[in-house]
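A.B. asks: Following full-length UniProt numbering, the numbering of the sequence shown begins with 1 at its first residue and continues without gaps.
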Amino acid sequence: MSLLSLAQALRVSFQNLTRPKNTEPLPWKGSRERAERYRASFALVHDEHGEEACIGCMLCEKICPSQIISVTQGPKAPSAATGKPRGWCTDFTLDLNACIICELCVQVCPADAIIMMRVQEKPGFAREDLLLTMEKLYANEKLAKLTWATPTKLQEMQDPKPKRPEPVAAAPAKDAAPIKDAAPAAGASSAKDAAPGAESAPAAGTTPSKDAEPAKEVPPVKETPPASDAAPAAGTEKPSDA
Numbered sequence: 001m002s003l004l005s006l007a008q009a010l011r012v013s014f015q016n017l018t019r020p021k022n023t024e025p026l027p028w029k030g031s032r033e034r035a036e037r038y039r040a041s042f043a044l045v046h047d048e049h050g051e052e053a054c055i056g057c058m059l060c061e062k063i064c065p066s067q068i069i070s071v072t073q074g075p076k077a078p079s080a081a082t083g084k085p086r087g088w089c090t091d092f093t094l095d096l097n098a099c100i101i102c103e104l105c106v107q108v109c110p111a112d113a114i115i116m117m118r119v120q121e122k123p124g125f126a127r128e129d130l131l132l133t134m135e136k137l138y139a140n141e142k143l144a145k146l147t148w149a150t151p152t153k154l155q156e157m158q159d160p161k162p163k164r165p166e167p168v169a170a171a172p173a174k175d176a177a178p179i180k181d182a183a184p185a186a187g188a189s190s191a192k193d194a195a196p197g198a199e200s201a202p203a204a205g206t207t208p209s210k211d212a213e214p215a216k217e218v219p220p221v222k223e224t225p226p227a228s229d230a231a232p233a234a235g236t237e238k239p240s241d242a
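1. Across the region 60-73 and the region 135-146, are there enough close Cβ pairs to call them in contact, namely three or more that are closer than 8 Å?
2. Would the beta-carbon of Cys54 fall within 8 Å of that of Ala149?
3. With a Cβ-Cβ cutoff of 8 Å, do Cys109 and Pro151 count as a contact?
4. What's the gap between the Cα of Phe14 and the Cα of Arg127?
5. Counting only runs of 4+ residues fully inside the region 15-47, write out the alpha helix (DSSP H) ranges in chain order.
6. Buried or exposed, going by whether 16 or more other CB atoms sit within 10 Å of the CB of Met157?
7. Since Glu43 and Ile115 are thought to touch, with beta carbons under 8 Å apart, how far apart are those beta carbons, to the nearest angstrom?
8. For Glu121 versus Leu146, is the C-beta distance shorter than 8 Å?
9. 8 Å is my cut-off, CB to CB: does Thr152 come that close to chain B?
10. What do you get for Lys136, buried or exposed, if any count of 16 or more other CB atoms within 10 angstroms of its CB means buried?
11. Find out if the Cβ-Cβ distance for the pair Glu52, Cys89 is shorter than 8 Å.
12. Have a look at the DSSP bridge pairing and note the partners of Ser70.
13. Skipping 5 residues on each side, what residues in its chain have a beta carbon closer than 7 Å to that of Val119?
14. Can you name, in chain order, every residue of its own chain whose Cβ lies under 8 Å from the Cβ of residue 245, other than the five neighbours on each side?
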């Protein structure tokens, strides 16, 4: 058995010696494209009017499982583009040291203000270098490549709008079937289906019905012959025949 195992190992070794190389030395030549689902860092974006999209609703801070997001909500003020009052954010910080890349903050954002990037954050020599302030997050919008997964797209993928069912035409009414005789009440039996001996005896003081079983005939009482003349008592004379 040892020689067989040795032969199998040598066969695998010689096969690998004849195979072409499939490794690449570092650094790679050129740049490799990141995958579409790659997530690395965050960025805050502006809306179509050029204003800050964040409205300071603090939903991202509340849903974060690592509690690394801190949002300071400012007072409502009218928008310079639309003139309508809206919420504003005065401070936004995100600690990338403890981020688990769950993307929940992106999914709950109602204003499409925060989004993840496909570019890794630059490393630093201190932990404070990975603390993304509001200025760094807005700078990442211009310098980095953003992902396709906006909050609106993620919400539509997870909870699509329900389709309204088409109205179904009512079927024509059919003629009502004749009403059948009502079934006897539970526990009651029909007189026809009852067995001959199953009828109960009439109660005391009641007259039996016609269908009741006739009473048995009582045999006639036999007449007793007249008793013979009794013997006269002692001391009395027997009457003589006239």
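No residue lacks a Cβ here, since even glycine has one placed at the ideal position from N, Cα and C.
C.D. replies: Answer, in terms of the structure:
1. no
2. no
3. yes
4. 50 Å
5. none
6. exposed
7. The identity of residue 43 in the sequence shown is Ala, whereas the question assumes Glu. That pair is a contact at about 6 Å.
8. no
9. No chain B appears in the structure shown, which is made up of a single protein chain.
10. buried
11. yes
12. Thr93
13. Ala40, Ser41, Ala144 and Lys145
14. In the structure displayed, the chain extends from 1 to 242; residue 245 sits before or after that span and is not available.
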